[in-house]
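**Student:**
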Amino acid sequence: MSEQPRTAQDILADQFRLTADLCVLTGEYHRLLQKVAAAGFLRQMAEDGPEHELAEAERSEIAANLAAESCESRVNDLEQRLGALGRELAALR
Numbered sequence: 001m002s003e004q005p006r007t008a009q010d011i012l013a014d015q016f017r018l019t020a021d022l023c024v025l026t027g028e029y030h031r032l033l034q035k036v037a038a039a040g041f042l043r044q045m046a047e048d049g050p051e052h053e054l055a056e057a058e059r060s061e062i063a064a065n066l067a068a069e070s071c072e073s074r075v076n077d078l079e080q081r082l083g084a085l086g087r088e089l090a091a092l093r
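The UniProt record's numbering puts the first residue of the sequence shown at 1, with every later residue one more than the last.
Structure representation (structure tokens):
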């Protein structure tokens, strides 16, 4: 039994879903970037304080950076998948 080729409607439905997911994830990414900036500011403020406060601020900044990088990776993946769907749709024409 052979698989039926996808219709333009199927591809457009996938594009719509991915675009919605990308919109939500982009908002999350921007929120995480703000968190990175705030953590960096707090680290700078802690540089003149007790060593343990600086260490905690550095850990928070690293954690914020890692979260933002992970989210950026997911955004890039969705953008690539969206591009693939665009090429798939163009190939139907």
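Here a beta-carbon is modelled for each residue, glycine too, at the ideal position from N, C-alpha and C. Being a predicted model, the structure only gives us computed values, none of them experimental.
From this set, Arg-74, Ala-67, Ala-84, Arg-87, which residue's C-alpha is nearest Leu-32's C-alpha?
**Tutor:** Ala-67
**Student:** State the Cα-Cα distance for the pair Glu-47 and Ala-55, rounded to the nearest angstrom.
**Tutor:** 9 Å
**Student:** At what residues does the alpha helix (DSSP H) containing Glu-58 begin and finish?
**Tutor:** 51-92
**Student:** Would you be able to state if there are at least three C-beta pairs under 8 Å between the stretch 65-80 and the stretch 23-38?
**Tutor:** yes
**Student:** State yes or no: is the C-beta of Ala-63 within less than 9 Å of the C-beta of Arg-43?
**Tutor:** no
**Student:** Only counting the same chain, and skipping five residues up and downstream in sequence, which positions put a Cβ closer than 8 Å to that of Ala-8?
**Tutor:** Leu-89, Leu-92
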